[in-house]
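The next block holds one structure in the form of structure tokens; read it before the comments.
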Amino acid sequence: MSFIDKIKERAKQDVKTIVLPETNDRRTLIAAAKIIQEGTAKLIMVGKEEKIMDGAKWLEVDLSQVKVVDPENTEKLDEYVNLLYETRKEKGMTPEKARELLLSDYLMFGVMMVKAKDADGMVAGACHATADVLRPSLQILKTAPGVKLVSGFFILDVPDCEYGADGTFLFADCGLNQDPTAEELADIADSSAKSFTTLVGQKPIIAMLSHSSKGSAKHPLVDKVVEATRIAHEKYPHLTLDGELQPDAALVPAIAHSKAPGSEVDGKANVLIFPNLDCGNISYKLVQRLGKAEAYGPMLQGISRPVNDLSRGCSAEDIVGVVALTAVQAQLV
């Protein structure tokens with residue numbers, strides 16, 4: 059059974075309600091029909107019911123079991139307006155502005171449904187930038203208790219792969235933080251370890267990646283990863299973690315024994331922490347396209363309730379997978 063099939067089975071055990079606000083996107087409509095068919099989540103779609111159902115008819119998919127909420131007609135609008143106003147009034151929000159936002163911005167409306175606990179999570183990003191998804195999520199839902207930094211990760215499931223957790227890896231940060239500091243990298247490693255445990259169910263073995271292994275190169279970028287590793291060992295001593303490591307030293311035991319003898323990662327890494335967003339984003343796309351991996355994300359970690367992003371290059375099947383992952387996250391909130 060593949061990684062995502064296992065996630066779908068877990069999602070079915072305690073079905074959660076996920077809101078999909080991008081109802082003008084054909085991939086979202088196709089994905090919604092499959093999600094309902096598979097039973098991995100209950101769905102709320104934001105928009106005009108007639109338009110959504112016309113789209114479903116044109117695509118020849120069945121959305122009859124989907125709940126559609128039109129912001130202009132829902133009886134909950136006044137409640138959401140007041141909740142948004144109370145949440146953001148110290149930042150200059152007015153009731154009038156709150157109403158305008160909720161009627162014009164489906165992403166904001168979806169986040170408010172999660173805030174009000176009318177939905178357990180939200181998935182968006184097929185036709186919006188990550189910043190557009192993240193902004194209302196952080197403004198309304200805030201970070202989870204004890205979390206300083208929200209970060210983005212991908213789960214990659216690589217076919218016929220002997221490395222990682224039977225070919226499954228977590229890559230971070232691949233979608234959010236452009237150039238994290240050493241302390242932020244350490245925090246990303248801790249959040250990623252928790253996400254890996256939650257979603258993959260195996261022990262996280264974390265590699266702090268660099269173009270250098272154990273002093274083989276000198277550069278400020280190497281120094282940042284060395285310092286991040288030191289901070290992570292100090293703040294999170296329970297983690298199995300090492301750096302700085304090149305990817306081959308992180309993944310291949312024979313090379314690890316040569317380049318990083320005595321490393322606790324020992325060439326068995328399944329969680330890869332990249333020094334900046336360029337490295338992370340480029341790497342996940344290369345693995346996805348050249349390694350024919352299934353890539354799910356960018357998932358967001360550190361928000362108080364589950365909201366997850368999608369790549370704008372995602373397929374309908376990617377949306378199906380991310381909804382299942384979001385539902386599993388919601389089971390643990």
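Heads up: the sequence shown begins at 59 in my numbering, then just goes up one per residue.
A virtual CB, placed ideally from N, CA and C, is assigned to each residue, including glycine.
Being a predicted model, the structure only gives us computed values, none of them experimental.
Quick check: is any heavy atom of the ligand ATP less than 8 Å from the C-beta of residue i?
| i | result |
| --- | --- |
| V191 | This structure does not include the ligand ATP; it has no bound ligands of any sort. |
Can you tell me where the beta strand (DSSP E) with residue i in it begins and where it stops?
| i | result |
| --- | --- |
| P356 | E352 to Q359 |
| D215 | S209 to D215 |
| A99 | A99 to V104 |
| M266 | I263 to L267 |
| G179 | G179 to V181 |
| K134 | Careful: K134 lies outside any beta strand (DSSP E) and carries neither H nor E. |
| K74 | K74 to L78 |
Below 9 Å between beta carbons: does that hold for residue i and residue j?
| i | j | result |
| --- | --- | --- |
| E130 | L161 | yes |
| G210 | L78 | no |
| S253 | L228 | yes |
| P364 | Q387 | yes |
| I213 | L141 | no |
| K125 | T145 | no |
| A458 | V323 | The structure shown does not extend to residue 458, since the chain spans only 59 to 391, so no value can be given for it. |
| K70 | T98 | yes |
| T75 | L117 | no |
| L335 | G233 | yes |
| L309 | M266 | no |
| E96 | V378 | yes |
| K272 | A307 | yes |
| A202 | A244 | no |
Assign residue i to one of three DSSP states: helix, strand, or coil.
| i | result |
| --- | --- |
| F332 | coil |
| L234 | coil |
| E302 | strand |
| A223 | strand |
| K125 | strand |
| T255 | helix |
| N339 | helix |
| L228 | strand |
| T201 | strand |
Looking only at C-alpha atoms, which of the options sits nearest to residue i?
| i | options | result |
| --- | --- | --- |
| T255 | L390, L368, Q95 and E108 | L390 |
| A353 | S122, D367 and V172 | D367 |
| S373 | L165, A184, A174 and A388 | A184 |
| F332 | P311, V127, A177 and V284 | V284 |
| K109 | R84, V139, L330 and A247 | R84 |
| S122 | T98, V104, A91 and Y138 | A91 |
| L358 | A182, T239, V104 and I102 | A182 |
| A89 | L383, D376 and A385 | D376 |
| S250 | K276, A290 and D237 | A290 |
| A230 | K106, D224 and P238 | P238 |
| V104 | V119, D176, V345 and S321 | D176 |
| L165 | E148, L199 and L303 | L199 |
| S60 | A327, L344 and A223 | A223 |
Could you check where the alpha helix (DSSP H) with residue i kicks off and where it finishes?
| i | result |
| --- | --- |
| K155 | P153 to S162 |
| V191 | T188 to I198 |
| K66 | F61 to Q71 |
| V284 | P278 to K293 |
*Do three or more CB pairs link the segment 249-267 to the segment 286-297 at distances below 8 Å?*
yes
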